[in-house]
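Protein chains in written order, with full-length UniProt numbering: chain A, 1 to 485; chain B, 1 to 485.
Ideal placement from N, C-alpha and C gives every residue a C-beta, glycine not left out.
Since the structure comes first, as structure tokens, the remarks are kept for the end.
Protein chains: 2
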Amino acid sequence: MGTDGVDLVAALARVVGADWTYTDAHELRTYESDGLLQYRALPRVAVLPGSADEVRDVVRLCAEAEVPWVARGAGSGLSGGALPVADGVLIVLTRLNRILEIDLDNARVCVEPGVTNAAVTAAVGPAFFYPPDPSSQVVCSIGGNVAENSGGAHCFKYGFTTNYVTGLEVVLTDGSVVQLGGVELDAPGYDLLGAFVGSEGTLGVATKIWLRVIPAPEAVRTLVAFFDSTHAAGEAVSEIVRAGVVPGAIEMMDAVTIGAAEQMAHAGYPVGRGAALLVELDGAAEECEALFDEVVAVCERCGSDDVRVSRDEAERALFWKTRKAAFPAMGRVSPNYFVQDGVIPRTRLPEVLTRIDALADEYGLTVANVFHAGDGNLHPLVCYDGRVEGEASRAEELAGAILDVCLDAGGSITGEHGVGVDKRKHMTKMFADADLDAFQRLRCAFDPAGLANPGKVMPTPRLCGEVPGPYRQHPMEAAGLAERF
Amino acid sequence: MGTDGVDLVAALARVVGADWTYTDAHELRTYESDGLLQYRALPRVAVLPGSADEVRDVVRLCAEAEVPWVARGAGSGLSGGALPVADGVLIVLTRLNRILEIDLDNARVCVEPGVTNAAVTAAVGPAFFYPPDPSSQVVCSIGGNVAENSGGAHCFKYGFTTNYVTGLEVVLTDGSVVQLGGVELDAPGYDLLGAFVGSEGTLGVATKIWLRVIPAPEAVRTLVAFFDSTHAAGEAVSEIVRAGVVPGAIEMMDAVTIGAAEQMAHAGYPVGRGAALLVELDGAAEECEALFDEVVAVCERCGSDDVRVSRDEAERALFWKTRKAAFPAMGRVSPNYFVQDGVIPRTRLPEVLTRIDALADEYGLTVANVFHAGDGNLHPLVCYDGRVEGEASRAEELAGAILDVCLDAGGSITGEHGVGVDKRKHMTKMFADADLDAFQRLRCAFDPAGLANPGKVMPTPRLCGEVPGPYRQHPMEAAGLAERF
Chain A
1 MGTDGVDLVA ALARVVGADW TYTDAHELRT YESDGLLQYR ALPRVAVLPG SADEVRDVVR
61 LCAEAEVPWV ARGAGSGLSG GALPVADGVL IVLTRLNRIL EIDLDNARVC VEPGVTNAAV
121 TAAVGPAFFY PPDPSSQVVC SIGGNVAENS GGAHCFKYGF TTNYVTGLEV VLTDGSVVQL
181 GGVELDAPGY DLLGAFVGSE GTLGVATKIW LRVIPAPEAV RTLVAFFDST HAAGEAVSEI
241 VRAGVVPGAI EMMDAVTIGA AEQMAHAGYP VGRGAALLVE LDGAAEECEA LFDEVVAVCE
301 RCGSDDVRVS RDEAERALFW KTRKAAFPAM GRVSPNYFVQ DGVIPRTRLP EVLTRIDALA
361 DEYGLTVANV FHAGDGNLHP LVCYDGRVEG EASRAEELAG AILDVCLDAG GSITGEHGVG
421 VDKRKHMTKM FADADLDAFQ RLRCAFDPAG LANPGKVMPT PRLCGEVPGP YRQHPMEAAG
481 LAERF
Chain B
1 MGTDGVDLVA ALARVVGADW TYTDAHELRT YESDGLLQYR ALPRVAVLPG SADEVRDVVR
61 LCAEAEVPWV ARGAGSGLSG GALPVADGVL IVLTRLNRIL EIDLDNARVC VEPGVTNAAV
121 TAAVGPAFFY PPDPSSQVVC SIGGNVAENS GGAHCFKYGF TTNYVTGLEV VLTDGSVVQL
181 GGVELDAPGY DLLGAFVGSE GTLGVATKIW LRVIPAPEAV RTLVAFFDST HAAGEAVSEI
241 VRAGVVPGAI EMMDAVTIGA AEQMAHAGYP VGRGAALLVE LDGAAEECEA LFDEVVAVCE
301 RCGSDDVRVS RDEAERALFW KTRKAAFPAM GRVSPNYFVQ DGVIPRTRLP EVLTRIDALA
361 DEYGLTVANV FHAGDGNLHP LVCYDGRVEG EASRAEELAG AILDVCLDAG GSITGEHGVG
421 VDKRKHMTKM FADADLDAFQ RLRCAFDPAG LANPGKVMPT PRLCGEVPGP YRQHPMEAAG
481 LAERF
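Structure representation (structure tokens):
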């Protein structure tokens, strides 16, 4: 922050108030990482603005001082996207937590970025709901969801955050304020809205967010079916989708996950079975009923001899509790674990699982698999013991090898956790130099000085204005996947 | 094109072949406008490349010669988006009309840009379909749909082109080739894909397009209900949506339109009634059935004494034929007309219609109204007689005044036709200088020399690198609409 650091801190405190300006290392410790604890850094100062105008003025001060800054929501992200820049400014948006307008006639809500995901559904319920539902929905903020284009279990049917944001008020890195999109869909001009959603805080900071909400389904029905293998459960997933059924959610857990989750949730799941498939249908009551019978039949045809249908809301909640216990429960069966996040074409599921199993054997580590099976979004949990010399780095290597398997299958390095600082190194496996240059063009158009969340998303730090080098062959092409991109 | 014109034409002919290089004024006349005939210009040369590589080489030649170019699909657009630059190069993409891959297991299709919209549905049917359905779907090209982010009658339920494009191969203005998105949804990195869809040919030209298709609904049911007034029909629309029903389409026609369309389609519509509402439900058969009864009840409650339910596919086709005849039929009742395209919040429908009627009286002209009512997307047809001195310009003025009414109601200057050359002048009514600067940043990042479709979208031609002026107050704020953006 240089010699002007003190002046900048004083100027920031004049904007947001001294009470909301933290410079003490002890206070700053709260913000040294997000949900991905491997990466830590202390900012020089954290400010908690109380209004959009204060955010704008903070960004302007940073621009004048040429000091990098990072915007942070609830800090529950899993890719290090909210990792502070050491000695930079951290803009914490938790105080901007007001719901500004609820317009159910037009199915729209306008919120500040610090509002939690769950608060949106609470505000528009029970007649409406906000579909994107990250596991962290009780704590995670809409601003963070916008930055990461967050998804969740219901995104197979309902889509991601980007499908629900209709408008943003954004403070750009020069402190100018722009409005992208609006209350209606499909605004004229360039769809910068879409480019900002998922830009991981590198193009500006949203201070006002318009969301589309949708009518709550008339009926919801949930079942869990047990199979001998993930292979058989994967077949059932393909069959269900091929039959034209679009479940609200299709979640799969493998044997390791079932065992761990059962220990914590006590749902009476048969420990030792190869796979559990949770299928939820929602929609009109009669449609649900008819399709539900079809799903039960498919599960049985694919080898499930144990299909449990939730009889009431309490049992449905228990099914979900078990699924959502998967991550925390793993802490009971393994001292440490990495959560990986990769995507594969749904049809390649059996083959990819076989390869992951082989890799786990090769590395001598346990990998538990939990998936948003409909999306082909895998969350392999790579278990390890951090006390054993070298096991953490072997686990990290295995987690990377699993991503390579996803890419080989024509998939992606992240489904919903974002690139952040964690997946940067994998970007060149997925994108050609020309593609990354296109990203850089956008980035530089909106942040020529590189002040907004630098060191995230892009694989190598590059100054704006640098001439791109000679182009490599496209990595997907080199892998013989040109036809699938 | 300067003194190098002849050399450039020769070089272009070497790329695409002399047979596909048109320089003769007579041949070029075909391409002097798109569907909006008010604007005409002759390019210096039109080329019809036969492959993506040829498109790339053509763009490279234009970049080297610093000659502006325009990409053109079927030329059915209605905003002058494909209007050639006088003396520039026109890249006609009709020969790139191959369907490259059909992958129904993953519900994806990969096509070249010249493939028609209807051909996509034909290729994946009857099990699947491609939802965005512009009226021109039989002729319009997917490339043009991508450029304009086209919609249609079924977009209320299913969304626009942008909701179905998962990947693009794009030739940028410097001739580099990038891949945006892919076969999966929600790719990592910046969502440039969204920014390219709807960029009206100003950021590059798509040479390969990956589309998502969806399972065809099990059942489709269609009705048309007649009302005394558009006010009453508008009430029915609000009631239907408020009841949580999401029809595949809700189309409204006013008295003038009913009269004109009936003359052409002979569907037995009661000429003289105030409004016709066409409602189509699709989905699971049982759901359709149940919801259909609800829609009929709502229509009757809102004052319709004449609800006609299609008994078979032939009658359903007749209902749609009448709706789709609305535009051409208007040519029978009026020597000339302008098709306007504006959006309003659905709830403001009755009020906006009253204001449009008052404006029509004030100008002494007839305005026929056809709407995608669910979206609040109006298509007022401003009728005039071009042979009467001054009537064309009065009609144009009235069409502009109608857009102002849409904006006053918190709406938008275009729903699905795009900005092109026609709506440029209205952009400052909807966007603040800072918003337009944000557009310009994107434009300049990808087309610093301003060669790709210059003179479109942006309200005033501006060179890249120009410093933005002092900021005006946001137009929506000035109109007291800040709370709604």
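Beta-carbon to beta-carbon, V382 of chain A and F327 of chain A are separated by about 12 Å, too far to satisfy the 8 Å threshold. For A82 of chain A, the CB contacts under 6 Å within the same chain, skipping 5 residues up- and downstream, are D34, R72 and G75 in chain order.
Residue environment for Q38 of chain A: exposed (fewer than 16 other C-beta atoms within 10 angstroms of its C-beta).
Of all residues in the region 342 to 355 of chain B, the ones placed with a Cβ closer than 9 Å to any Cβ belonging to chain A are V343, I344, P345, R346 and T347, in chain order.
In the three-state scheme derived from DSSP, where H, G and I count as helix and E and B as strand, F431 of chain B is classed as coil. Distance check between V111 of chain B and each of B:G234, B:R212 and B:V419 places B:R212 closest, using alpha-carbon atoms only. For V47 of chain A against V85 of chain A, the beta-carbon gap comes to about 14 Å, at or over 8 Å, which does not count as contact. In the three-state DSSP reduction, L12 of chain A falls in the helix class (H, G or I). Between the region 348 to 360 of chain A and the region 400 to 411 of chain A, the count of C-beta pairs closer than 8 Å reaches three or more; the two stretches touch. DSSP, reduced to helix, strand and coil, places R108 of chain B within a strand of the structure shown.
Rounded to whole angstroms, the separation of the alpha carbons of G189 of chain A and P345 of chain B is 19 Å. Taking C-alpha positions only, A329 of chain B is separated from I142 of chain B by approximately 26 Å. Looking at the DSSP output, F338 of chain A bridges to A:V382. Residue burial annotation: S393 of chain B is exposed, with fewer than 16 other C-beta atoms found within 10 angstroms of its C-beta. With fewer than 16 neighbouring CB atoms inside 10 Å of its own CB, K425 of chain A falls in the exposed class. If you compare the alpha carbons of B:N117, B:V333 and B:V170 with that of I258 of chain B, the shortest gap goes to B:V333. Assigned with DSSP and collapsed to three states, G181 of chain A falls in strand. Residue pairing of P49 of chain A in beta bridges, as defined by DSSP: absent, with no partner found. In the displayed model, H266 of chain B falls within coil according to three-state DSSP, outside both helix and strand.
Cβ neighbours of D306 of chain B within its own chain (closer than 8 Å, five residues either side excluded): A225, F226, P270 and R273.
Between the region 57 to 68 of chain B and the region 88 to 107 of chain B, the count of Cβ pairs shorter than 8 Å is three or higher; the stretches touch.
Contact residues of the region 186 to 199 of chain B toward chain A are D186, A187, P188, G189, Y190, D191, L192, L193, G194, A195, V197, G198 and S199 (C-beta to C-beta distance below 8 Å). For D282 of chain B, no Cβ of chain A is located within less than 9 Å of the residue's own Cβ. A direct Cα-to-Cα measurement between V419 of chain A and E396 of chain A gives close to 16 Å. If you draw a straight line from the Cα of A325 of chain B to the Cα of E289 of chain B, it is about 28 Å long. In this structure, the CA atom of T116 of chain B is about 13 Å from the CA atom of S150 of chain B.
Within the region 110 to 141 of chain B, not one residue has a Cβ closer than 7 Å to any Cβ of chain A. Pairing R95 of chain B with G364 of chain B, the inter-Cα distance amounts to about 46 Å. In the DSSP assignment, the residues bridged to M253 of chain A are A:A276 and A:V370. Counting the other Cβ atoms within 10 Å of the Cβ of E313 of chain A gives fewer than 16, which makes it exposed.
Under a 10 Å Cβ-count criterion, R29 of chain A is classified as exposed, with fewer than 16 other Cβ atoms of the shown protein chains found around its own Cβ. Interface with chain A (9 Å Cβ-Cβ cutoff): R441 of chain B is included.
Within the region 408 to 431 of chain B, those residues whose Cβ lies closer than 9 Å to any Cβ of chain A are, in chain order, G410, G411, S412, I413, T414, G415, E416, G418, V419, K423, H426, M427, M430 and F431. With a cutoff of 9 Å on beta-carbon distance, K208 of chain A and G167 of chain A are scored as near each other. In the assembly as shown, V279 of chain B is a buried residue. Its beta-carbon has 16 or more other beta-carbons within 10 Å.
Looking at the DSSP output, K208 of chain B bridges to B:E169.
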